[in-house]
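> I have a structure I would like to understand better, so I am pasting it below and will then ask my questions one at a time.
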Amino acid sequence: MSKLLVKADRGHGRVAHVTPQSAGWTYVGFDLHRLKAGETASGETADREVCLVFVTGKGKASAAGTDLGLLGERMSPFEGKPWSVYVPEGSNWSVTADTELELAVCSAPGLGGGLPARVIAPRDLGQEVRGKGTNTRYVTNILPEGKPADSLLVVEVITPGGHTSSYPPHKHDRDNLPAESYLEETYYHRLNPPQGFAFQRVYTDAGRNGERELDEAMAIEDGDVVLVPKGYHPCAACHGYDLYYLNVMAGPKRTWKFHNAPEHEWLMKA
């Protein structure tokens, strides 16, 4: 199995755990908690900031010592927009499930921004349609660069069955602004119906000898997490199975500037 593919446990509790140390990088962390009603997930942010995303279900939340009440409404990631909570560094947080709950914990370094904890409601989220034809996908911006945070960028995307996404292939692995930013990235994948599968390829440009430093093609199943330390990272959803993914990105600068694969850039004009 690819070292870039993290298989979530099938039970309850913390079922996926990615740290900068386990991923071999510097910035992005990602946990996934699957809770039964009455169960609690909690944490301390220390020197990191956190975005809690209610992927499915409802729960009572608190952050930075403040009771935030009952959050969440959708019972499927393929329906509507999520509720989320931003938690700054040096804070605690807690979520107790009111229903079956799937909670994503997205983290990155705090930079002393002094931001308050806040609820990010569905009504606050912008949505957009990207691409054309069988490259159409639907994007919900949870924590885009225009909203306050120190390092985190968080977005979710739904790709209909038979469509491609994160395509034409692009990368963001060089700290070369304004042309390109360096951003590590995780993809948390869900499928509808859940027995389906999709594909994701993570690869770098070919060198003079034609070889690539990184070239991994993975079959993605429901609940999988893919690590993108560098390179291009397109996805393909198979016919009959819609693909959801939650992206977490962070790097030395909080901006998303990507570089398209030159050989496929013609697709942007087609």
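Residue numbers (the working numbering): 9 to 278. Glycine included, each C-beta is placed from N, C-alpha and C at the ideal position.
Around the Cβ of residue 78, are there at least 16 other Cβ atoms within 10 angstroms (buried) or fewer (exposed)?
The count along the sequence shown starts at 1 and reaches residue 78 at position 70. Residue 78 should be labelled exposed.
> Counting Cβ pairs, one atom from each stretch, are 3 or more of them under 8 Å apart for the segment 149–165 and the segment 89–101?
yes
> On the three-state DSSP scale, how would you describe residue 272?
Here residue 272 corresponds to residue number 264 of the sequence shown, with the count starting at 1. The answer is helix: DSSP assigns residue 272 an H, G or I state.
> Report yes if the C-beta distance between residue 189 and residue 265 is below 7 Å; otherwise report no.
Counted from its first residue, the sequence shown places residue 189 at position 181. Counted from its first residue, the sequence shown places residue 265 at position 257. Against a cut-off of 7 Å, the Cβ pair of residue 265 and residue 189 comes out as a contact.
> Measure the C-alpha to C-alpha separation of residue 212 and residue 268 and round it to an integer number of angstroms.
Within the sequence shown, the letter at position 204 stands for residue 212. Within the sequence shown, the letter at position 260 stands for residue 268. Cα-Cα distance, rounded: 12 Å.
> Quick one: Cα of residue 193 to Cα of residue 236, how far?
The residue you call residue 193 lines up with position 185 of the sequence shown. The residue you call residue 236 lines up with position 228 of the sequence shown. Using only the alpha carbons, I get a separation of about 5 Å.
> Is residue 82 helix, strand or coil by DSSP?
By one-based count along the sequence shown, residue 82 stands at place 74. Here residue 82 sits in coil by DSSP.
> Under a Cβ-count criterion, where at least 16 other Cβ atoms within 10 Å of its own Cβ denotes burial, should residue 185 be classed as buried or exposed?
Your numbering for residue 185 matches position 177 in the sequence shown. Exposed.
> Give the range of the beta strand (DSSP E) segment to which residue 31 is assigned.
Against the sequence shown, residue 31 aligns to sequence position 23. First-last for residue 31: 28–31, but that is the alpha helix (DSSP H), not the beta strand (DSSP E).
> I need the boundaries of the beta strand (DSSP E) containing residue 36, first residue and last residue.
As a working mapping, residue 36 is identified with position 28 in the sequence shown. Residue 36: not part of any beta strand (DSSP E); DSSP gives it neither H nor E.
> Please give the ranges of any beta strand (DSSP E) in the segment 61–126, keeping only runs that are unbroken, at least 3 residues long and fully inside the region.
67–71, 74–79, 91–95, 100–105, 109–117
> Taking the straight line between their C-alpha atoms, what separation do you get for residue 272 and residue 101?
In the sequence shown, the residue the question calls residue 272 occupies position 264. In the sequence shown, the residue the question calls residue 101 occupies position 93. So the two alpha carbons sit approximately 43 Å from each other.
> Identify whether residue 255 lies in helix, strand or coil by the three-state DSSP scheme.
The count along the sequence shown starts at 1 and reaches residue 255 at position 247. Residue 255: strand per DSSP, three-state reduction.
> Since I believe residue 149 is in contact with residue 133 (beta carbons under 8 Å), could you give me their beta-carbon distance rounded to a whole number of angstroms?
Looking up residue 133 in the sequence shown gives position 125. Looking up residue 149 in the sequence shown gives position 141. Between residue 149 and residue 133 the Cβ distance is about 6 Å, and since that is below 8 Å, they are a contact.
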